[in-house]
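Heads up: the structure comes next, in structure tokens.
In the working numbering, the protein residues as written are 8 to 288.
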């Protein structure tokens, strides 16, 4: 019979794993960090217009030349939020905002800026000795398919409420509220926040409201335009009447002066000689 060994077989041990040492795969680490940042951004921000979410705060330095900060230090730009929980979207050209949701365009050599899809309007200032180009924003060019209207020197203020009485429409900004009025010429007004500059908003329609800050969209300006036309016609008629009245008075004075000058000239006076009777021879 074969002999049986009482020796126990040693258990197999796994071969030791050889680690290469410190990992230098920066591309993998960067991708992992970006994935983590993306996951954080998904819960905080939704970047628009191909914006990329990043950690930190954004900057609106390019707005500094356009009266972007009031004396109180409060930003005048409604969209100028610098971050959402220390995250923001890095925007491509022509877009700004913490989510890259605001389209903008610069006019001339960065002399003016228009927001929300408004386009630059170029005019010539002939009041000075040398004609200068003046830029402004045409809010009519904004796509109103979203039913959002904008106003302001830069079309930066969105409508907070729309005043519609079934015939005429207007809108308020800066949380302004429409007020009812019995006068069809007064559609409603809103108020300007105390931290904002009032001359940024130029009323086109005067009416009743919390404070005078109504902004009329150009398509709502029919009433204001008709009233202005009547005023122009009345001014022209009044000017013509005044002109003809002055001419009549001037003509009458000239006639009186002519008569006076004629009567003042020495005129020859005819002398009637006596008729001699014939002598009788």
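C-beta atoms are modelled at their ideal positions from N, C-alpha and C, and glycine is treated no differently. All values reported here derive from a predicted model rather than from experimental measurement.
Sub-7 Å separation of residue i and residue j beta-carbons
{"i": "residue 102", "j": "residue 119", "result": "no"}
{"i": "residue 51", "j": "residue 96", "result": "no"}
{"i": "residue 185", "j": "residue 167", "result": "no"}
Range covered by the beta strand (DSSP E) that runs through residue i
{"i": "residue 164", "result": "164-171"}
{"i": "residue 69", "result": "Careful: residue 69 lies outside any beta strand (DSSP E) and carries neither H nor E."}
{"i": "residue 61", "result": "59-62"}
{"i": "residue 185", "result": "Residue 185 -> no beta strand (DSSP E), and no H or E assigned at all."}
Same chain only: Cβ atoms within 6 Å of residue i, ignoring 5 sequence neighbours per side
{"i": "residue 104", "result": "86"}
{"i": "residue 108", "result": "55"}
{"i": "residue 90", "result": "64"}
{"i": "residue 144", "result": "121, 125, 161, 162"}
{"i": "residue 128", "result": "143, 145"}
{"i": "residue 114", "result": "127, 142"}
{"i": "residue 132", "result": "139, 141"}
{"i": "residue 98", "result": "58, 107"}
{"i": "residue 88", "result": "105"}
{"i": "residue 67", "result": "87"}
{"i": "residue 130", "result": "141"}
{"i": "residue 137", "result": "none"}
Cβ-based neighbour list, residue i, same chain, cut-off 8 Å, excluding 5 preceding and 5 following
{"i": "residue 163", "result": "83, 84, 85, 86, 122, 123, 157"}
{"i": "residue 93", "result": "62, 63, 64"}
{"i": "residue 37", "result": "Low confidence applies here, because residue 37 scores a pLDDT of 48, under 50, leaving its location unreliable; read the following figure in that light. Result list for residue 37: empty, nothing under 8 Å."}
{"i": "residue 148", "result": "124, 125, 126"}
Cut-off 7 Å between Cβ atoms - residues of its own chain near residue i, not counting five sequence neighbours on either side
{"i": "residue 150", "result": "124"}
{"i": "residue 48", "result": "60, 94"}
{"i": "residue 253", "result": "none"}
{"i": "residue 155", "result": "165, 166"}
Next on the checklist: Report the start-end ranges of each alpha helix (DSSP H) in the region 83-142 that is 4 residues or longer and not cut off at the edges.
Outcome noted: Contiguous alpha helix (DSSP H) elements confined to the region 83-142 do not occur, taking only those with 4 or more residues.
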